[in-house]
Every structure is written in C-alpha cells, then in structure tokens.
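> First to last, the protein sequences are chains A, B and C. All letters in the first sequence, in the order written, are residues 1 to 352 by our numbering. All letters in the second sequence, in the order written, are residues 1001 to 1282 by our numbering. All letters in the third sequence, in the order written, are residues 2001 to 2288 by our numbering.
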Amino acid sequence: MTAKSTHPRAAARRWAAVACLTATALTVAGCSSQADADDAAASGAPAAGGKVSIVAFSVPKPAYDDLETAFQGTDEGKGVEFSASYGPSGSQSKAVAAGQPADYVGFSVGPDLTRLVPDQVAEGWDSDAHEGIVSSSVVVLVVRKGNPKNITGWDDLVKDGVEIVTPDPATSGSAKWNILAAYQHVIATGGTPEQASDYLTQFFQHIVSKPDSGADATTTFTQGTGDVLVSYENEAIAARQKGADVDYIVPDESFLIENPGAVTVESSDAAKKFLEFVTSADGQKIFASHGFRPVADVVEPGTVEGATDPEKPFPAVKTLTTIEDLGGWEKVDKEYFDKTDGLVTKIEASVG
Amino acid sequence: MADTLAPGRPTPVAGRGRGGRIALRTVGLAYVAILVLVPLGIITWRALSPGLPAFWAAISSQQAITAFRLTAEVAFASVLLGTAFGVALGILLTRYHFVGRRLLGVLADLPMAVSPIVAGLALVLVYGHNGWLGGPFEAAGVDIIYAVPGMILATTFVSLPLVLREVVPVLQEVGTDQEQAARVLGAGGWHTFWRITVPTIKPALTYGVVLALARCVGEFGAVAVVSGNVSGVGQTQTTTLVIAERVQQMEPGAYQLAFVLIVTTVAALLVAAHIRRKDELS
Amino acid sequence: MTTTLVETPVGATAPAAAPTGARAQRTGAPLGRASGLTLGVVMLGLSLLVLLPLAAVGAEAATNGWSGFWASVTAPAAVDALVLTVTSSLVVTAVNVVMGTLLAWVLVRDDFPGKRWLELVIDVPFALPTIVAGLVILSVYGRNSPVGIDLFGTRWGIMVALLFVTLPFIARTVQPTLMAFDRDTEHAAATLGARPRTVFRRIVLPPLVPAIAAGAALAFARAMGEYGSVLLISGGLDKTQVSSMYAFSLYESYDFPGAAATATVLLVVSLVVLVGFEIVSHRAGRRG
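#1: Helix, strand or coil: which one does DSSP assign to C:Asp2182?
#2: Indicate whether A:Leu180 and A:Phe255 have their beta-carbon atoms separated by less than 8 Å.
#3: Pull up the distance between the alpha-carbon of B:Ile1034 and that of A:Glu163, whole angstroms please.
#4: Between the region 2094-2110 of chain C and chain B, which residues of the former have a C-beta closer than 8 Å to a C-beta of the latter?
#5: Enumerated in chain order, which unbroken segments of the alpha helix (DSSP H) with a length of 4 residues or greater are wholly contained in the region 2053-2138 of chain C?
#6: Which residues in chain A have a C-beta closer than 7 Å to the C-beta of B:His1129? List them in chain order.
#7: Roughly how many angstroms separate the alpha carbons of B:Gly1141 and B:Val1079, rounded to a whole number?
#8: Are there 16 or more other CB atoms within 10 angstroms of the CB of B:His1274, so buried, or fewer, so exposed?
#9: Nearest to A:Gln202 by CA position, among A:Gln284, A:Ser89 and A:Asp155, is which residue?
#10: When you compare the CB of B:Val1087 with every CB in chain A, is at least one pair closer than 8 Å?
#11: Tell me the rounded alpha-carbon separation between A:Ala175 and A:Ala217.
#12: Examine chain A for any beta-carbon lying closer than 8 Å to the beta-carbon of B:Gln1172, and answer yes or no.
#13: Taking Cβ to Cβ, would you say A:Thr220 is nearer than 8 Å to C:Gly2235?
#14: Which residue from C:Ser2067, C:Leu2048, C:Trp2156 and C:Val2091 puts its Cα closest to that of C:Thr2240?
#15: Measuring alpha carbon to alpha carbon, tell me which residue in A:Thr308, A:Lys285, A:Pro315 and A:Ala316 is nearest A:Pro301.
#16: In the DSSP output, which residue or residues are listed as bridge partners for A:Arg144?
#17: Can you find a CB in chain B that lies within less than 8 Å of the CB of A:Lys242?
#18: To the nearest angstrom, report how far apart A:Ser85 and C:Asp2255 are at their CA atoms.
#19: Name the one or two DSSP bridge partners that A:Ser85 has.
#20: Checking contacts by CB at 8 Å: is C:Ser2056 closer than that to chain B?
#21: Say the cut is 7 Å; is the CB of A:His185 nearer than that to a heavy atom of the ligand FMN?
#22: Where B:Val1074 and B:Val1148 are concerned, what is the direct C-alpha to C-alpha distance, given to the nearest angstrom?
#23: Taking A:Ile187 as the reference, which of A:Thr279, A:Glu253, A:Ala215 and A:Ala122 has the closest Cα?
#24: Nearest by alpha-carbon distance to A:Val263: which of A:Ser108, A:Gln92 and A:Val121 is it?
#25: Around the C-beta of B:Pro1116, are 16 or more other C-beta atoms found within 10 angstroms, so that it is buried, or is it exposed?
#26: Using a C-beta to C-beta distance shorter than 7 Å, which residues of chain F count as neighbours of B:Gly1188?
#27: Taking a contact to mean a Cβ-Cβ separation below 8 Å, would you say A:Val96 touches A:Ala56 in this structure?
#28: Comparing the C-beta of C:Thr2130 with each C-beta of chain B, is any distance below 8 Å?
#29: I need the DSSP call for A:Gly132, collapsed to helix, strand or coil.
#30: Can you have a look at A:Lys339 and say buried or exposed, based on whether 16 or more other CB atoms are within 10 angstroms of its CB?
#31: DSSP puts A:Pro260 in a beta bridge; with which residues?
#32: Using three-state DSSP, classify B:Leu1171 as helix, strand or coil.
#33: Is the shortest distance between the beta-carbon of A:Asp128 and the beta-carbons of chain C less than 8 Å?
#34: Have a look at the DSSP bridge pairing and note the partners of A:Tyr232.
#35: Per DSSP, A:Glu253 is paired with what?
#36: Can you list, in chain order, the residues of its chain with a C-beta nearer than 7 Å to that of A:Ser289? Leave out the 5 residues immediately preceding and following it.
This is the structure:
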C-alpha cells in the first residue's frame, strides 16, 4: 500500500469514481421511474395509439394474448400498447382496489368486479347488451386421459379414494363457480338443501389440493396431483391444446360461468375500444377458439381444437343453473361465501 | 463464502489412512454429484433438447428481453445499495465504538433469518396502499409497491447482509495498524478510507458483490409479493417471475429461461472463484 | 463466513487462527463527525428497509388482538405448515452437519484433480435462483422422473429441495476453520497411538463446533424461510405446504393479519432456534 500518484490526481480520480457511481445509480433509478412515468402519461392521453393495462384472472391469459394481437391489427387498435397481469380473480381484484394500475379489468366472478365500483369502475358498467359479461363457460370435471377412475358425474367425486383438485375459494373465482355447481347439482336433481350441504361436506373432504388460482389448479393437476380437477370447460380445452393428457366430462348438471369485464374510471379511449372489440363477434370468436362459449348466441364457434368433439365443441348441458336462478351474486356471495356466516365457509371450517 | 485452497498443498493424511480418505472422497463426491450435478444435467437437457429454434424463441420474446433488462436493473440497483450499506456498516462495526453497536450488527444481519415471503409482506405493510408510509408516497405520486422501486427494496432487503458478511472478517483480521499509522501521519478519515481501507477489503468486497449480484438476479419470493406480476409495457416481471408464469400457465420457455439463469449463476461463481484465487496468490 | 447469524459480527467467536490484529478491534475509536453522520444515514436506511417493515409485520399480526392472533396461529393448516417446516429444516440441517463437515474435510485434507470444480459445484445451490432450483428438483423428482424417482407431492420431495439449497452453508463455514487448524496436536495424538476416529472426535471436532454451529444456523434459517424451491415439488397438497407458502396464500387472499401472524411465528421460531445454535457454539468455544 505504497503512496501512489500525487494527491490532486488521485483525489480527482476518486471523486470521478464516486460521481460515476452516483450518476449510474441515479440513471438506473431514473430510467425505471421515467419508463413508469411515460406509461402513466400515455394511459391518460387519448393520443394515437394509447396504452391499455389489463388486470385479469389467470384462466383467460391465452385468449387475451390473442385478443391483444388481433386488436392491434384493427384500425382502432393500431399502435396501442398493452400490459397485462394475471392471477387469482379475488387477489387481482383486491390488488386493483389497493392501487395496482389498470385500464381494463376482467374477473371470474361478479363480486370481484363490483368490489371496484364506484372507486375504480364507474356505475353502469353492466348496462350494456351483455350485462357486462365478456366470456362464459360451464363447470366441467377434468380427468386423466382414458378416465381411469370412471368419473361420469358429480356423485362419482365423493366415492372412496377419489382425490379432488379445486382452487381455493379465498382467492379464486373459479373455486366459487365450482362449489356452486357442486352444491346445486343436488338441488337440480330434486334434492334438499340438507342433502346438498351433506354432499358439499363430502366434496370438501375429498379435496387434496386448493391451489390459488384456476390456472394454478390446472397445472397442479397436470403435474400429477389428484384424480379429478373441477374447472372451467375452457380451461380443460386449453389444457388439451397445450398438450396435457386429460379428458373432461360435461356433467348432466352444471353451472353457467359468466365472467365480467369493464374499463376503469381513468382508462384511455383505447381501453374502451378494446372492451368493445372483446365483446364483438370477432372478439368472441377468439374466445371461442380458446374454449370459451360465446356470449352472444349468434356467434358460430367453428372448430375448436382441444374440445372432446372439435366440430361440436360446446354440447348443451342437461340442467344448467345460472347465477340469476339463485338470485344474483350479491345474494349468493352473502349466503354462501360470507366470511363468518357463509354456508360454504362453515362447511369448509368444519372439514378443517 | 470462504476462500479457496492455496495451490500446491501437499496431500495430508492426518492419521486417516488411505482407505478412509478414498471412502470420504467417494461419499462426498457422490453426494454432490447426485444432489447437484445430475439435476443440473437433466434440466440442461430439458432446456436444450427441444432444439435451438425453441431456445431462441424462448429467450428472444419481448417479455423475456424486458425481463432480462428489468432483472439487471433491479439487481444492479440493489447491489449498489447493499454494497454502500455493507461497507459503511462494516467499518462502523469494526473500527468504531458506540452505543447500540451490537444491536446494529444484529439488525443488519436479520434479513438472513427472514423468509423472502415475509420480507415482501413487510414491505407491502409499510409502503403499500394502506401501509404506514403508503399515504405520503402515493400523494407524491411515487409508486413503490407494484412498481420497480418496491422490487429494488425487496431485493436489497434479502441481499443486505451478503456484502457485510464478506467485509467484516477481513476488517477484523487486518487490524488498524496501517490506518492508525496513516492517521498519525496526518491523513484525514476519508483519505484513509479510500487509500488504506478500501484496497485492503477489495478482494473480499468484490467477492461479496458478485455473490450479492447472483442472489439479486435470482430473487423470487420477495418480488413475487411486491411486483404485481405485470408483463408488457411497464413490465414488473423479472426473469424469475416469467419462469414462474410459464410453469403456471403451461407455456413453453420455462426451462430455457431457467438455463439462462443457471449459466449466469455459474459464470458469477467462476468470476468469484477467480477473484479469490488471485487474492490467495498475491 | 466465520460469523454466527444473530450475534453481531464484531463479537462473534473468532476463527482459530485470528491474527493479532483482532485484539485491537475490541475497543474501536469513538465516533467522529464523518463517521457519526455515516452512522446516522446507515441507521435511517436500515430503519426504513428492515426495522420498520418487520415492526409492521408484528403490528399487523396484532390487529385483531391476542385472540385473533392466537386463532390464526392455531388454525390446523397453520400448525401443520409450521410443524412440517420446522421438522424438515431440522432434519435437513442435521444431514448437512454430517455431510457439510465431510465435504469440508474432503476439500481441505484431500487432494485430487478437479477439486476446484467440487468447490464451485457446492456453491451453485447458494447462488441459484430459488425458482430455478425448484424447476431443477421438479425435473428430476417429478412425475416424469428420468431416474424413476417420483417424489412429487411428498415430504421427501420437500426435503430433497431443502438439502439442495442448503448444501454449501456448513461446508463453507467449516472449511476456513479446518484450513487454519494447527496440526501438531493431531500428529502428537497419532504418534501416541490414538486411532484416527479418536483423533477426530477428541482433537479435531471440538474446535470445529463453533464453525459447524454457525453454518448450521445459516442452513436452518434458509430452510425455514425457503419458498421458490419447494413450491413446485410440493404439488399444491395441503400436507406438503410449508409456512412460507401458507403465508403467501393468506397474503393473496388479503388476510393480512393472518399472513402477518404466520410470518411472526415463523420469524420467532427461527430466531429461537438460532439463539440455540449460538449457545451451543459459545459453550463449545469456551470448553475448547
């Protein structure tokens, strides 16, 4: 550690090093926040192009990926930039409520969207022709290829040794649809509420895994957990499209899944146009190609790869219950999923 | 991590006997091979066997490239902060005497005992929407959670002790003789720091920085909590988060991206080992 | 890494070969203006980054009072997760104590071509991203295992993943201590007729205990908090859910008090065991 060059030069070099480091640090920080600031500015300005931040539940990611590209190919969508975040419906909804930036939100169940009214989503989001619904499906039972456990309907799920995979109702919207379908199938076949509760208790006892989201549940199942996955029909079709070795059964009694979508209060024009595109015939065709049942009946789904019968991808369900039949989401959410008194909450707690 | 062996060390036997030595060596090598090498080999095969086009597609997508850039930005900023803290703390803890010195040392080391998920949660509780300091930041228009600054904080949190732990033993070992001499000769504190202290700790410091860099590049749990998982414009998905999404969405590319990170990790370790060896030899 | 975890690096048990310089560190200089200012800045930074956030976790856990905290902590899923986490971490640490010491021995006392590469390979799990480690473990021990071992959704799978990520800790803390070892006593004992095993147990091992304890503390802490590497192999089953995963799912459902309660318990348990390692290390250090 001998004395080096003369003091002034050494000092200058030292300060240069410090200055460089500080400058670099500031630049890095600046670049990141500048990029964010640019995005923030762009999302507000209705300039040519514009930006749309999608916050949605996990299941329709493949559909939205295609919808983005298709929209960017239209006149209205030219130059529009997208960002997207996918996750469990409930968590994503709460994230937006907690400040995650969003221009377009799409969730699995109604309550996840109404939670954002009126702070993030304006009243009247559901007053259009489709009542705010952008995609729909039905609850199905996904099994291993060849159906080794011979599952034909809901009652087979509570047979000895059958292991069920279904998402966690605390975070996932898919979970709620599944549970309602499981419960309602008893009522639909003439059973009493007591019998339905009994069935649901057994159903919960057979659950071996409760992943956070619908997509998570599919992955968990395809990686080898469980004998049957309760999920959306479109999720089953999408899994088969991705090469998973699974079959699915559309049970005789099922529930109509309706996924709401809306633009947020501060969203750009581009987001509004995107929403229009999503609910248009073209948009619905794209949804259909990914296994969703078109919201508008006039849309012909065409051939859907991955469906059990690609030519007739969406068989009619014998008894299809809808959320309207049960009195709407506000009533259902309180009755079934209330944190303390909900029917399902109590059953879940009793099973432990 | 500790130093490498000095070269040219004679083969010691120390009463173990040749048979015992071979046995130990075999067990050790087999354990490491089975636990580390075989899995790394399998995943390399899984990453490369779909072929070069698939590999290229996986690492050249917009999401991947943005993720690489973001990972580098966050890691770089975090390492910078961690190094500044680590060096300052190291010197304060070993060269000075003040009330609460022990406590400060514990506080600085604490992140090693904290799960990354807990780290993320802790930061959300302070800097999030309803957090203790969330209000002022939101009012000022600064996004921390669900944005890059939050990710930098999270990554800095988990890697904070790494540089410190490398620097402190060296500072302790080396002693203050030269620094005291410099002071006697009239050198100021800053001058002493740059000319005497820093060169002493430079090998250990560089080693610590490389390790911290590898750690920051690979952070997953903490950023999973604070990032919001956004891809596209204004992406907050680092490479690790993209890998997780690929696995979860059953999309291709997870293995290929993982392979890129493995190569980066091994490269960082090679650099670190090289630094250590140079230090040993000098 | 010769310092133990919780105790400040300054007061830690120094390695066997601590040079004379170490003695001068005990006192240290009083704070000057520049150092005082630096201390202030550092304290501010640490408060904002570490102290405040961890305090917030404790506060959040207490939002619903003691009864709320207790209810969260004694929920069956919480208890199962904690038991799994603690037992797995202890088992893995125990295995590492043996294998880590063995590897350190091989690295220091043995010589063979490619030994440098052994060191590198041992270090890989430390620097590897946890999610990549998880993918690595899954690709070997998942359902499509190329070696025919299916540990998907089992506790064994969790433990293999933890063994992977904690491999380097003890080996690398024992290595420098072993290297600086004074061999005279060993040679004397051997000359006097002591068997290798006895020499190891009575002469070599006791001074290594502090280093082993230091590494064990690091390994244990890492195993307790591990998330990314166990996520995939766990298969989403309730019985393979470790505490970090449980806390994350509570966070995702925005049950912040619950998540904070789990986090607090995890932290407290970790620290208690780490203090235990500290005590062992000190006792051994004193006796030796």
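C-beta: ideal position from N, C-alpha, C; glycine also. Predicted, not measured: the structure shown is a model, and the values here were computed from it.
Straight from the coordinates:
#1: Position 182 of the third sequence, counted from the start, is the residue given in the question as residue 2182 of chain C. Here C:Asp2182 sits in coil by DSSP.
#2: Residue numbering aside, residue 180 of chain A sits at position 180 when the first sequence is read from its first letter. Residue numbering aside, residue 255 of chain A sits at position 255 when the first sequence is read from its first letter. Contact flag set, yes.
#3: As a working note, residue 1034 of chain B is residue 34 in the second sequence. As a working note, residue 163 of chain A is residue 163 in the first sequence. Near 33 Å, if we compare the C-alpha coordinates of A:Glu163 and B:Ile1034.
#4: Met2099, Leu2102, Leu2103, Trp2105, Val2106, Leu2107, Val2108, Arg2109 and Asp2110
#5: 2065-2074, 2076-2109 and 2115-2127
#6: Along the second sequence, read from residue 1 onward, the residue named residue 1129 of chain B stands at position 129. Residues of chain A passing the Cβ test: Ala98 and Gly99.
#7: As a first step, residue 1141 of chain B must be located in the second sequence, where it is residue number 141. As a first step, residue 1079 of chain B must be located in the second sequence, where it is residue number 79. Each residue's Cα considered, the two are about 26 Å apart.
#8: Here residue 1274 of chain B refers to the residue found at position 274 of the second sequence. Flag for B:His1274 reads exposed.
#9: In the first sequence, the residue the question calls residue 202 of chain A occupies position 202. Comparing Cα positions, the closest option is A:Asp155.
#10: Counting from one through the second sequence, the residue named residue 1087 of chain B turns up at place 87. It does not; no Cβ of chain A falls within 8 Å.
#11: Mapped onto the first sequence, residue 175 of chain A falls at position 175. Mapped onto the first sequence, residue 217 of chain A falls at position 217. If I take the Cα positions, the gap works out to 10 Å.
#12: Against the second sequence, residue 1172 of chain B aligns to sequence position 172. Judged by the 8 Å Cβ criterion, B:Gln1172 is not in contact with chain A.
#13: Taking the first residue of the first sequence as position 1, residue 220 of chain A is located at position 220. Taking the first residue of the third sequence as position 1, residue 2235 of chain C is located at position 235. Yes, the Cβ-Cβ distance between A:Thr220 and C:Gly2235 is below 8 Å.
#14: For this step, residue 2240 of chain C is matched to residue 240 along the third sequence. Closest by alpha carbon: C:Trp2156.
#15: Position 301 of the first sequence, counted from the first residue, corresponds to residue 301 of chain A. The candidate whose alpha carbon is nearest that of A:Pro301 is A:Lys285.
#16: Residue 144 of chain A sits at position 144 when you count from the first residue of the first sequence. A:Arg144 is bridged to A:Val246.
#17: Translated into the one-based positions of the first sequence, residue 242 of chain A becomes position 242. Closer than 8 Å: yes.
#18: Indexing the first sequence from 1 puts residue 85 of chain A at position 85. Indexing the third sequence from 1 puts residue 2255 of chain C at position 255. One C-alpha to the other measures close to 21 Å.
#19: Translated into the one-based positions of the first sequence, residue 85 of chain A becomes position 85. Note: A:Ser85 sits in a beta bridge opposite A:Val55 and B:Val1230.
#20: As a working mapping, residue 2056 of chain C is identified with position 56 in the third sequence. One detail in the question is off: residue 2056 of chain C reads as Ala in this sequence, not Ser. Yes, contact with chain B.
#21: Inclusion of the ligand FMN in the displayed structure is not the case, the ligand content being empty and no account of it being possible.
#22: As a position in the second sequence, residue 1074 of chain B is number 74, starting the count at 1. As a position in the second sequence, residue 1148 of chain B is number 148, starting the count at 1. Cα-Cα distance, rounded: 7 Å.
#23: The residue labelled residue 187 of chain A in the question sits at position 187 within the first sequence. It is A:Glu253 whose Cα lies nearest to the Cα of A:Ile187.
#24: Indexing the first sequence from 1 puts residue 263 of chain A at position 263. Comparing Cα-Cα distances from A:Val263 to each of A:Ser108, A:Gln92 and A:Val121, the minimum goes to A:Val121.
#25: Stepping through the second sequence from its first residue, residue 1116 of chain B is reached at position 116. Under this definition B:Pro1116 is a buried residue.
#26: Going by chain labels, chain F is absent from the structure shown, which instead holds the protein chains A, B and C.
#27: Numbered from 1 along the first sequence, position 96 holds the residue referred to as residue 96 of chain A. Numbered from 1 along the first sequence, position 56 holds the residue referred to as residue 56 of chain A. Cβ distance not < 8 Å, so A:Val96 and A:Ala56 don't count as in contact.
#28: By 1-based counting over the third sequence, the position of residue 2130 of chain C is 130. Judged by the 8 Å Cβ criterion, C:Thr2130 is in contact with chain B.
#29: What you label residue 132 of chain A is simply residue 132 of the first sequence in a count that begins at 1. Here A:Gly132 sits in coil by DSSP.
#30: Here the question's residue 339 of chain A lines up with position 339 in the first sequence. With fewer than 16 Cβ atoms within 10 Å of its Cβ, A:Lys339 is classed as exposed.
#31: As a first step, residue 260 of chain A must be located in the first sequence, where it is residue number 260. Partner(s): A:Ile133.
#32: Stepping through the second sequence from its first residue, residue 1171 of chain B is reached at position 171. Three-state result, B:Leu1171: helix.
#33: As a first step, residue 128 of chain A must be located in the first sequence, where it is residue number 128. A:Asp128 does not count as touching chain C.
#34: Translated into the one-based positions of the first sequence, residue 232 of chain A becomes position 232. For A:Tyr232, which the question treats as bridged, DSSP gives the partners A:Val139.
#35: Here the question's residue 253 of chain A lines up with position 253 in the first sequence. Per DSSP, A:Thr319.
#36: The sequence position of residue 289 of chain A within the first sequence is 289, counting from 1. Cβ within range, chain order: Val304.
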